[in-house]
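**Q** Once you've had a glance at the structure underneath, I'll fire off some questions.
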Amino acid sequence: LKSSGYYEIHVTAAGEPQRELVAQLMTEPGAYGQYTLRLLNQHLAELPTKVE
Numbered sequence: 814l815k816s817s818g819y820y821e822i823h824v825t826a827a828g829e830p831q832r833e834l835v836a837q838l839m840t841e842p843g844a845y846g847q848y849t850l851r852l853l854n855q856h857l858a859e860l861p862t863k864v865e
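To convert, take the position in the sequence shown, counting from 1, and add 813; that gives our numbering.
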């Protein structure tokens with residue numbers, strides 16, 4: 814996988830800034846992957862179960 818270019822991050826202005834989270838994601842190896850996996854699992858848990 815190769816990726817290059819300019820990326821623009823879109824965030825909402827609602828809520829308090831999460832400065833500690835951003836610092837952790839930028840400084841701790843693997844923190845971003847763990848964070849995104851946790852978010853994915855939360856979203857998957859909220860999906861309705863398939864009924865056949």
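C-beta: ideal position from N, C-alpha, C; glycine also. Please read all numbers here as calculations on a predicted model, not as lab measurements.
Which of helix, strand or coil does DSSP assign to residue 831?
**A** Taking the first residue of the sequence shown as position 1, residue 831 is located at position 18. Coil, per DSSP.
**Q** Hey, how far is the Cα of residue 846 from the Cα of residue 831?
**A** Here residue 846 refers to the residue found at position 33 of the sequence shown. Here residue 831 refers to the residue found at position 18 of the sequence shown. One C-alpha to the other measures close to 17 Å.
**Q** Going straight from the alpha carbon of residue 833 to that of residue 823, what length do you get?
**A** Taking the sequence shown and counting its residues from 1, the one referred to as residue 833 is at position 20. Taking the sequence shown and counting its residues from 1, the one referred to as residue 823 is at position 10. If you take the alpha carbons of residue 833 and residue 823, they lie about 19 Å apart.
**Q** Taking the CB atoms as reference points, tell me whether residue 844 and residue 855 lie closer together than 9 Å.
**A** Position 31 of the sequence shown, counted from the first residue, corresponds to residue 844. Position 42 of the sequence shown, counted from the first residue, corresponds to residue 855. No.
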